[in-house]
Structures are given as structure tokens and as C-alpha cells.
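Single-structure report; data block below.
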Amino acid sequence: IHFYFDFTGCVTCLDHDEHYILTFPNGYGRQVNALSGIFIFNALSILTVPWIELGGECSISCSKTGYNASIVFHTKPFYGGKKHRVTAEIFSPNDKKPFCSIEGEWNGVMYAKYSTGENAVFIDTKKMPTIKKKVRKLEDQDDFESRCLWKDVTYNLKIRDIDAATAAKH
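Per this note's numbering, residue 319 is the first one in the sequence shown, and the count goes up by one each step.
So, in C-alpha cells, the structure goes:
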């Protein structure tokens with residue numbers, strides 16, 4: 319299963335009045351035969367262990383500062399290799415060489431190597447606290463904002479009414 323995300327997002331740092339435009343990786347539903355370790359792409363069975371894999375290139379850029387990053391989510395090779403690998407390069411404004419290169423696992427530890435030669439843990443996602451997101455109340459949202467748009471689908475999924483949730487998507 320392949321999910322292609324062809325859109326951009328914007329993250330705003332209010333304290334600095336900076337807007338970061340970002341693209342997203344593709345998503346893949348994968349499964350490996352638990353007995354042989356071979357990739358299979360048919361219907362799920364009791365002999366498989368499924369996982370979601372991210373793959374493809376992304377970017378993050380800020381027009382105000384000129385900083386940008388290119389990120390690659392690596393899919394697991396057919397034989398060998400690791401799942402959830404990510405590499406990235408961060409560039410200063412107008413520079414062709416990155417001042418920081420990052421590698422690791424997007425759902426684990428990522429390591430940074432700086433142009434100064436310094437190496438450090440960039441982030442350990444397993445040690446990060448979960449932060450509850452702040453969302454405006456439904457009545458304060460426009461009709462096409464995500465929570466408002468999907469409220470009937472969400473409600474029906476919570477009460478386990480799949481037919482009503484499916485109907486609410488249309």
C-alpha cells in the first residue's frame with residue numbers, strides 16, 4: 319500500500335515571526351513474512367508482521383531566515399538494511415554545503431555531525447514528552463478546517479459506527 323502526500327504545510331514560530339514551509343514523505347504499508355523474512359505485498363495473514371514505512375524526499379525552508387533543510391526518509395531495502403532510517407542536511411542562507419548532517423531513525427535516535435567536526439545526539443524521540451496539541455474550539459473554526467470538517471467522521475468512529483463514519487466522509 320502506498321500513500322502519496324502531495325501537499326505542503328506551514329509551521330509558524332510565533333516568538334520569532336518565522337514561517338517554515340515543509341513537504342511530507344510518502345507512506346507505505348509493509349509486511350514481512352515472520353517465518354522467512356521475505357517481503358510480501360498481499361493481504362495480511364497470521365504469518366506477517368505489518369509496519370508503516372516512510373519514504374522519499376522532503377524539504378523545510380524559511381523565507382525570513384533563508385535556512386533550509388533537505389530530508390530523505392529511506393525505505394528498507396529488499397534484503398538487509400534497517401527500517402525507519404532518515405538522513406538530512408541543513409543549510410545556512412546561500413550556502414551550497416550543509417553546516418549539519420543528520421542520520422538515524424525517525425522514530426528513535428538521530429545523530430548530528432556539524433561542519434566544525436562536532437558530533438552529538440540531535441534528538442532522541444523516545445525520550446521526548448508527549449505534548450497535548452492546542453486546537454481552537456469547533457465553533458471557532460472555519461468550515462474547512464480539519465477538526466470541523468471531519469467532526470462527524472470522528473464522532474462515528476468513536477462510537478464504532480463504521481457505516482455512519484463512511485457516509486460522513488462524502
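Here a beta-carbon is modelled for each residue, glycine too, at the ideal position from N, C-alpha and C.
All of these numbers come straight from a predicted model, not from anything done at the bench.
| Check | Outcome |
| --- | --- |
| Touch test, the stretch 421-441 against the stretch 379-386, Cβ-Cβ under 8 Å, three pairs minimum | no |
| Entirely enclosed alpha helix (DSSP H) segments - the stretch 431-484, minimum 4 residues | 464-467 and 469-476 |
| Close-in-space but distant-in-sequence residues of the same chain around Gly327 (CB under 6 Å, 5 per side omitted) | Leu340 |
| Bridge partner(s) assigned by DSSP for Trp369 | Arg348 |
| Contact check, Lys444 vs Val427, beta carbons under 9 Å | yes |
| Where Asp333 falls, given that 16 or more other Cβ within 10 Å makes a residue buried | exposed |
| Cα-Cα separation, Phe440 to Glu423 | 11 Å |
| Residue environment, Phe391, which counts as buried when at least 16 other CB atoms sit within 10 Å | buried |
| Straight-line Cα distance separating Trp468 from Glu457 | 13 Å |
| Cβ pair Val471, Lys487 closer than 9 Å | yes |
| Beta-carbon proximity list for Ser419, same chain, < 6 Å, skipping 5 on both sides | Glu407 and Lys431 |
| The beta strand (DSSP E) enclosing Leu340, as first and last residue numbers | Glu336 to Thr341 |
| Rounded distance between the beta-carbons of Glu371 and Tyr346, thought under 8 Å | 4 Å |
| Which listed residue (Tyr473, Pro411, Gly374 and Asp442) has its alpha carbon closest to that of Tyr322 | Gly374 |
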